[in-house]
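Novice: Pasting in a structure now, in structure tokens, and then I'll have a few things to ask.
Number of protein chains: 4
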Amino acid sequence: MITILKKNATKQQRDDLIQWLEARGLEVHVSEGEYQTVLGLVGDTSQIDEGLIDSLDFVEQVTRVTEVYKEASRKFHPEDTVVSIGDVRIGGGNFAMIAGPCSVESEKQILEVARSVSLAGAALLRGGAFKPRTSPYDFQGMKAEGLELLRKAKEETGMPIVSEIINVNHLPLFENVDVIQIGARNMQNFELLKAVGRTSKPVLLKRGLGSTLKELLMSAEYIMSEGNKNVILCERGIRTFEKYTRNTLDLSAIPVLREHTHLPIIVDPSHATGKASLVEPMALAAVAAGADGLMIEVHNDPERALCDGAQSLTPAQFAKLSAKVAKVREALA
Amino acid sequence: MITILKKNATKQQRDDLIQWLEARGLEVHVSEGEYQTVLGLVGDTSQIDEGLIDSLDFVEQVTRVTEVYKEASRKFHPEDTVVSIGDVRIGGGNFAMIAGPCSVESEKQILEVARSVSLAGAALLRGGAFKPRTSPYDFQGMKAEGLELLRKAKEETGMPIVSEIINVNHLPLFENVDVIQIGARNMQNFELLKAVGRTSKPVLLKRGLGSTLKELLMSAEYIMSEGNKNVILCERGIRTFEKYTRNTLDLSAIPVLREHTHLPIIVDPSHATGKASLVEPMALAAVAAGADGLMIEVHNDPERALCDGAQSLTPAQFAKLSAKVAKVREALA
Amino acid sequence: MITILKKNATKQQRDDLIQWLEARGLEVHVSEGEYQTVLGLVGDTSQIDEGLIDSLDFVEQVTRVTEVYKEASRKFHPEDTVVSIGDVRIGGGNFAMIAGPCSVESEKQILEVARSVSLAGAALLRGGAFKPRTSPYDFQGMKAEGLELLRKAKEETGMPIVSEIINVNHLPLFENVDVIQIGARNMQNFELLKAVGRTSKPVLLKRGLGSTLKELLMSAEYIMSEGNKNVILCERGIRTFEKYTRNTLDLSAIPVLREHTHLPIIVDPSHATGKASLVEPMALAAVAAGADGLMIEVHNDPERALCDGAQSLTPAQFAKLSAKVAKVREALA
Amino acid sequence: MITILKKNATKQQRDDLIQWLEARGLEVHVSEGEYQTVLGLVGDTSQIDEGLIDSLDFVEQVTRVTEVYKEASRKFHPEDTVVSIGDVRIGGGNFAMIAGPCSVESEKQILEVARSVSLAGAALLRGGAFKPRTSPYDFQGMKAEGLELLRKAKEETGMPIVSEIINVNHLPLFENVDVIQIGARNMQNFELLKAVGRTSKPVLLKRGLGSTLKELLMSAEYIMSEGNKNVILCERGIRTFEKYTRNTLDLSAIPVLREHTHLPIIVDPSHATGKASLVEPMALAAVAAGADGLMIEVHNDPERALCDGAQSLTPAQFAKLSAKVAKVREALA
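Chains as they are written, first to last, in the working numbering: chain Y, 42 to 374; chain Z, 42 to 374; chain L, 42 to 374; chain B, 42 to 374.
Rendered as structure tokens:
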């Protein structure tokens, strides 16, 4: 950690700070310049809150050299992590498609979608049972019943299932869920992160709409520091000033995260764009940028398709996308 | 709600959508133009998910005329809400200062700060016992013990206390807390919102760093729809590209929220700016813009002040700010 | 255009607004609801400033149905525009690589880079002669001399050249430049847009870092409304809160612009990411998302390569990228 | 400047970089850690492009200690700059109101507005003659004729005038303009900045919607480095994800710029918010935060008031605001 003191820092202020830092076990190297003094801090700085130092009046800047995350960092774990879910593997060159409806709505619906996406190349089945919705008046999901229907779909198709958790107290209900999803709105619900970190189930962690990649890695660190190393990161768009798209899908996240972490990285173009016509181009772009997997919304309910499936692909569209994804992966192999 | 169909929408698509909307109890007025068709939807559109319609291929745009929030809306509740906490009132012309340390650290610390901010004009005492931290390796608060120390400070000074909750299961511990705070990271932790909505305690709801004002109001609606109408909104900065400040304090939020809602609106300049030198100017600006209250970090622990109090004011600085706030309020009375 | 009046709009206000709109040649359809009145405006609304109406006290919302841009709009020109530069074509299924150094620095440099990128599949040579730099103390380019060196490189390799203009008065110097580039910082320098719009040279228009896609299209409209229809749009990253990348490359821009406009769309991953290691993944992603071309920085000056070429690829890296681009295009053909 | 090398940087890379830096006249201090090497660069680093170094593969981070701006920096010019325009002074404790219509529209209009805002306490008259508009089809201003009408208004009321320039070639037309405004869209039109920097007229420089405060200061530096030291900075809102306001007025800019620069800082709440009802609260907030002046849109044309004055205050509203501004300034004196 590098701390730069302002020109007008008094000797007293400087000495107090150095003493405070040394009391925390750090070695402090001082080098003085005409307009500032630079303190180089050597040792375990992960316990030091840089915000506190940065906010001191006489401090100009604080720069952290070593990131705070350790478990999630490629620096300490150079090899790619491969997450295994039954026979499915994600990361380290292994690619997987996750597909299914936004919400589980009925046995018929989830079974039909499961069968069709399985045929079209999906390795994992997704489906929401507990739905975090911006409005309290919107449909909140089928809850425990939805999880039970997912279990049936898994039984019939053999596909492992992915579903979102929104409350630590629901954890016992997720016994048969293979991958627990933490949604974007709960990316910094640290109590929930710690709770899933105490299980051994793979966790699919979505990036918050207003969260940096560093914060995403810190949230992964929350899970991993409790013992669970099976974390899959998911980019799903961030909030910007642009109005023609719901969110701005940040595909640079893929190569950037690849440099910083060994964890698998997947992309959800359905939620990021909110429009079926944008899903295919952005899914292919994610694959070309090196994603380890895709999470795609697929519906299969002709009667209710009008609205409910609007950001979802039909099974036919998904099959077509799946074939193109394979071609792009082959082209870049 | 207004829905605009693209020029190339087929008659079948149009009729299907109209039928779907009518099945949800809406009256649909159609008006055709050269380049598009406009559907005017009359009735209770709060149950309609505009995102779903917007994502249809043949739909150009969806515009919601009536906002989804009802309990929080000034349209339906024109009178300002006044939240009462003991003798303290916030809203409807009543102004209150909330002050105290970021974290409760010891009995001595919290009692000293409580006494000094009480003397300097603070009406409520704040102090964190459960701390949501970006890093799992940072100090997570004194937890139950911290709440107990707050209770003692309240007993001694008579000041009602404000403290943050981060887990639904901690609710029983908050029996003696007068105002429950929902932090920025949990603004869309809907399970937590519903839980505090089932209590009758005033709730201080902070805006998420990546959340719109509309979402803030929808989160207030979550609390209110469960029965608890005592919600105080708090602006504390949003995330932007600007790098010279930690966050961008969005003071327009005050007059804008004032138009949309009857709930009291306060501002936290300490967390927004992260720097003690910016707290006073932004606090005064918030008051001039019409805020119903301020939430200010104050520390009083000379031994540890070096770092822990860096974004906090000293009691003396707080007293000075308090006097200036009074003058600005008087000038604009 | 749809205008929604607030519940408390007086009859006088409503009638005044309607009269004002009718005076501008519009037909106004009124439909009254319980909480608001909706005005549907039919006719040529492109002359109406929606911001003005939106800012009226008694107006709740204004929604433009037909976009203001006409020349740039796919609605009025459904066929893809193909821009021809000598034998090179961009758009309508034609793809082109533009490559070259950030700045022209010497005859040797530009000739060597030109030869190497030409061999590796680039169709057009780029090189900055006038450089807009954030700091007045940074190198501002070789100016007229740089353009002359580009002309020589064109003479020798046969590659058409692309270079940025920053001042209307420099236009005569650009006689031998084949494609005039408008940089991100000048995207809303309307005087410059109008000036290049009065030429017949193809214009490569870069999106501003803080500009929406709609504004990019309005800037294209400025050029086209002066008579020049040869506009190529270029996405090069926008400004967001994310700090691990210099800018956030918004690849959704490709399919979204494709829906709204008939103009060719290219991507500049070098400036967007600022880091050589991110150029290849983002370039491939852009191609997979359907870009009509790429603009890539390539350097070839071993002596100065250390710093000057840091966000640039070497000719060897460019050749490798070029081959991968071809494979992805083939895979998706 | 501090440069941190990655763990895997080779000795060759390190030595090449050090040699390159030393060739640019810098002293390089090396300190090695377990996971990285830190280079401290001492000397005149303003000529070094940090982006170039940052983009090197083996570089982890670059931190500039001394900002690149010198003329604009408080570090080198601790005393507040006071800009004088006739008898009017801005900065260093001097406060001024700038008021007038968005566009000059007729002699009658500008004279009436000038008289009324002069009576109500405005020190300077603003009025646009050349209007940069997002759409080529919107009104572009009265141009030279507008400047002539402003001259008449100045003659009659004695108020100095402020008007925006959009083209270097228009400079001769601005002979009678007292303060030349550079609009937000031209904040990085460096050719225009250099041109006004070669005059001796005060320049009012508006922050771009997507520009950082550092870039604003660098643009001021462009003007000042040409010899013109009379620069007034103007905050007028930035672009964020929030949709309830046109822009997000960043009032923290006032105290933050105050720390970094000696130049006067004013605020334009009219353009930032786009809504008359938000102008007063945000204007008062700006004053409370320490602004040296305000720029307020005022109209005075009952016949055309319906739309043209929608984000403008009436003279009566301006007079009321002016009185409140005086009270707030008094309260904080």
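Glycine residues also receive a C-beta, built at the ideal position from the N, C-alpha and C atoms.
Since the model is a prediction, treat every value here as computed from it, not as a measurement.
1. Is the separation between the beta-carbon of Glu-338 of chain L and that of Ser-318 of chain L shorter than 8 Å?
2. Hey, Glu-262 of chain Z and Arg-115 of chain Z: beta-carbon distance below 8 Å or not?
3. Three-state secondary structure (DSSP) at Asp-349 of chain L?
4. Could you tell me how far apart the beta carbons of Asn-49 of chain L and Phe-99 of chain L are, in whole angstroms, since I believe they sit closer than 8 Å?
5. For Thr-80 of chain Y and Glu-91 of chain B, what's the separation of their Cα atoms in angstroms?
6. Flag Ala-261 of chain Y as yes if its beta-carbon sits less than 8 Å from any beta-carbon of chain L, otherwise no.
7. Could you tell me the distance, in whole angstroms, from the CA atom of Arg-386 of chain B to the CA atom of Asp-333 of chain Z?
8. So what's Lys-247 of chain B in DSSP terms, helix, strand or just coil?
9. So what's Arg-167 of chain Z in DSSP terms, helix, strand or just coil?
10. Please state whether DSSP places His-301 of chain Z in a helix, a strand or coil.
11. Can you give the Cα-Cα distance for Glu-344 of chain Y and Ala-324 of chain L, rounded to whole angstroms?
12. Could you tell me whether the segment 263–272 of chain Z touches the segment 286–303 of chain B, where touching means 3 or more Cβ pairs closer than 8 Å?
13. Report the residue from L:Pro-356, L:Gly-331, L:His-340, L:Thr-355 whose alpha carbon sits nearest the alpha carbon of Gly-134 of chain L.
14. Exposed or buried, what is Asn-210 of chain L when buried is set at 16 or more other beta-carbons lying within 10 Å of its beta-carbon?
15. If we cut at 8 Å on Cβ distances, does Ile-295 of chain B have a partner in chain Z?
16. Is Asn-210 of chain Z helix, strand or coil by DSSP?
17. Can the beta-carbon of Ser-144 of chain Z be found less than 8 Å from the beta-carbon of Gly-182 of chain Z?
18. With a threshold of 8 Å between beta carbons, is Ser-318 of chain B in contact with chain Z?
19. For His-118 of chain B, which of helix, strand or coil comes out of DSSP?
20. Along the segment 264–295 of chain B, where does the CB come closer than 7 Å to a CB of chain Y? Name the residues.
21. Give a yes or no on whether the C-beta atoms belonging to Leu-190 of chain Y and Glu-148 of chain Y are separated by under 8 Å.
22. Any C-beta of chain Y sitting closer than 8 Å to the C-beta of Glu-232 of chain Z?
23. Give me the Cα-Cα distance between Ala-164 of chain Z and Glu-276 of chain Z, rounded to the nearest whole angstrom.
24. Which residues in the same chain have their Cβ closer than 6 Å to the Cβ of Cys-348 of chain B, if we skip the five residues on either side of it in sequence?
25. What number of angstroms, rounded off, separates the C-alpha of Val-320 of chain L from the C-alpha of Ala-327 of chain Y?
26. How about Ala-140 of chain Y and Phe-359 of chain Y: are their beta carbons less than 8 Å apart?
27. If I measure Cβ to Cβ from Val-109 of chain B and keep anything under 7 Å in the same chain, skipping five residues before and after, which residues do I get?
28. Count the other C-beta atoms from every protein chain shown that fall within 10 angstroms of the C-beta of Pro-213 of chain Y, then say buried if there are 16 or more, exposed otherwise.
29. Can you tell which of B:Leu-298, B:Leu-335, B:Thr-355 has the C-alpha that lies nearest to the C-alpha of Asn-341 of chain B?
30. I'd like to know whether the C-beta of Leu-133 of chain L is nearer than 8 Å to at least one C-beta of chain Y.
31. Where do the N-terminal and C-terminal ends of the alpha helix (DSSP H) with Leu-265 of chain L fall, by residue?
32. What number of angstroms, rounded off, separates the C-alpha of Asp-309 of chain L from the C-alpha of Ala-294 of chain L?
33. By the 10 Å Cβ neighbour count, where 16 or more other Cβ atoms means buried, how is Pro-201 of chain L classified, buried or exposed?
34. Does the segment 244–259 of chain Z come within contact of the segment 217–226 of chain Z, defined as at least 3 CB pairs closer than 8 Å?
35. Could you name the residues of the same chain whose beta carbon sits closer than 7 Å to that of Leu-62 of chain B, not counting the 5 residues immediately before and after it, in chain order?
36. DSSP three-state label for Thr-314 of chain L, please.
Specialist: Working from what's here:
1. no
2. no
3. Because the pLDDT at Asp-349 of chain L is just 49, under 50, the model does not fix this residue reliably, and the point stays unresolved.
4. 7 Å
5. The residue asked about is misnamed: residue 80 of chain Y is Leu in this sequence, not Thr. Leu-80 of chain Y and Glu-91 of chain B: Cα-Cα distance of roughly 21 Å.
6. no
7. This structure gives no information on residue 386 of chain B, because the portion of chain B shown stretches from 42 to 374.
8. strand
9. strand
10. helix
11. Unreliable placement is indicated for Glu-344 of chain Y, whose pLDDT of 46 sits below 50; the coordinate value is still reported in the next sentence. Glu-344 of chain Y and Ala-324 of chain L: Cα-Cα distance of roughly 41 Å.
12. no
13. L:Gly-331
14. exposed
15. yes
16. helix
17. yes
18. yes
19. coil
20. Arg-280, Thr-281, Phe-282
21. yes
22. yes
23. 19 Å
24. Because the pLDDT at Cys-348 of chain B is just 49, under 50, the model does not fix this residue reliably, and the value given afterwards should be weighed accordingly. Same-chain partners within the cutoff: there are none.
25. 14 Å
26. yes
27. Ser-87, Met-259
28. exposed
29. B:Thr-355
30. It is Gly, not Leu, that sits at residue 133 of chain L in the sequence shown. Not one chain Y Cβ lies under 8 Å of Gly-133 of chain L.
31. Note on residue identity: the sequence assigns Met, not Leu, to residue 265 of chain L. Per DSSP, Met-265 of chain L belongs to the alpha helix (DSSP H) from 254–266.
32. 12 Å
33. buried
34. yes
35. Val-69, Leu-82
36. helix
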